[in-house]
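>
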Ligand code: 13P
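In the numbering used here, the protein residues as written are 181 to 434.
Take a look at the structure:
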């Protein structure tokens, strides 16, 4: 059994505000009395404000998928922490592999975002993970260490922060990391987080992400050091997403 379990939906560039509304409605019917897992919906920016309204009275949280570290200014296409907060957002995904690899985000940018999110009262879902090349060339440990030490530099109070270990090769491929690989990586992540933050790092939940679905969620959640999931593809349908939540709930202590 576990004491806690998070299930975060990263919808990436999918769903309009209207789609999001009907998703929440369907999920409420599928998840009656399921309140043990902490469920976080991360829709695109355009659905946040509306979704905050749909989530009123539901036991679920709202997250964004990115933000800029500056408070305001000439940053075309960007969104600030204050804008997210005013849209009802509590969590924000930072350093996602797609931001790192498709949009060139570097550890120093991600670090500024983490610090800004925390000082604004937003809870970062800070993502790390190695590519297949990095794993196969024996560099996984070094990559995770650098992403964590540089990404968390200068963090004093990480209250509410979550970490997501998402190996790049497992994202959207249908090939999830196995329990052994996850346990090994989560242990490393926790060690490096404690190196950066001290003992308080031990309390920071570490989620796994990468091809999680309703079939593998039960066995992956049992792996040591797994406090929940960050789910992409399987979070896009209310049926598959609620099955994952049910699997997680089964292993959370009353
Ligand atoms: P998939 O679940 O589609 O592999 O995506 C994982 C992910 O990137 C979540 O942030």
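We put the CB at the ideal spot given by N, CA and C, even for glycine.
Enumerate in chain order the residues of its own chain whose CB-to-CB distance from residue 182 is below 6 angstroms, with the five nearest sequence positions on each side excluded.
If we look at residue 182 and ignore the five residues flanking it on each side, its Cβ neighbours are 431, 432.
> If I measure Cβ to Cβ from residue 413 and keep anything under 7 angstroms in the same chain, skipping five residues before and after, which residues do I get?
The residues are 352.
> Taking DSSP as the reference, what is the three-state secondary structure of residue 303?
Strand at residue 303.
> Which value, in whole angstroms, describes the spacing of the CA atoms of residue 218 and residue 358?
Between residue 218 and residue 358, the C-alpha separation is close to 23 angstroms.
> Within its chain, find whatever has a CB closer than 7 angstroms to the CB of residue 187; leave out the 5 residues flanking it on each side and keep chain order.
The residues are 217, 219, 408, 409, 411, 424, 425, 428.
> Compute every distance between the C-beta of residue 399 and the non-hydrogen atoms of the ligand 13P, then say whether any falls below 7 angstroms.
The answer is no for residue 399.
> Check residue 194 in the structure and name its three-state DSSP category.
Looking at residue 194 - three-state DSSP - the assignment turns out to be coil, as it is neither helix nor strand.
> Excluding sequence positions up to five away, which residues of its chain have a Cβ less than 6 angstroms from the Cβ of residue 356?
Closer than 6 angstroms at Cβ, skipping near neighbours: 350, 390, 391, 396.
> Extract the residue ranges of the alpha helix (DSSP H) inside the region 236-321, only unbroken runs of 4 or more that lie entirely within it.
As far as the region 236-321 is concerned, its whole alpha helix (DSSP H) runs of at least 4 residues are 261-266, 277-282, 287-300, 312-316.
> For the 8 angstroms Cβ check, are there 3 or more pairs between the region 262-271 and the region 306-320?
At 8 angstroms Cβ cutoff, the stretches do not touch.
> Where DSSP assigns a beta bridge to residue 210, which residues make up the other side?
Answer is none; residue 210 lacks a bridge partner.
> Using CA atoms only, rank isn't needed, just tell me which of 222, 211, 207 is closest to residue 195.
Among 222, 211, 207, the Cα nearest to that of residue 195 is on 222.
> What residues are listed by DSSP as bridge partners for residue 409?
According to DSSP, residue 409 bridges with 187, 388.
> Using only CA atoms, which one of 192, 302, 320, 343 lies nearest to residue 249?
Checked all of 192, 302, 320, 343; the closest Cα to residue 249 is 302.
> Give the straight-line distance between the Cα atoms of residue 234 and residue 205, rounded to the nearest whole angstrom.
Distance between the alpha carbons of residue 234 and residue 205: 8 angstroms.
> Would you mind sorting residue 331 into buried or exposed? The rule is 16 or more other CB atoms within 10 Å of its CB.
Classification of residue 331: buried, given that the 10 Å Cβ count is 16 or more.
> What alpha helix (DSSP H) runs, 4 residues minimum, are completely inside the region 319-400?
As far as the region 319-400 is concerned, its whole alpha helix (DSSP H) runs of at least 4 residues are 320-331, 359-377.
> Going by other Cβ atoms of all chains shown within 10 Å of its Cβ, with 16 needed for buried, is residue 419 buried or exposed?
Residue 419 comes out exposed.
> Can the beta-carbon of residue 372 be found less than 8 angstroms from the beta-carbon of residue 324?
Taking 8 angstroms as the Cβ cut-off, residue 372 and residue 324 qualify as a contacting pair.
> Using the Cα positions of residue 209 and residue 247, report the straight-line distance between them to the nearest angstrom.
Near 32 angstroms, if we compare the C-alpha coordinates of residue 247 and residue 209.
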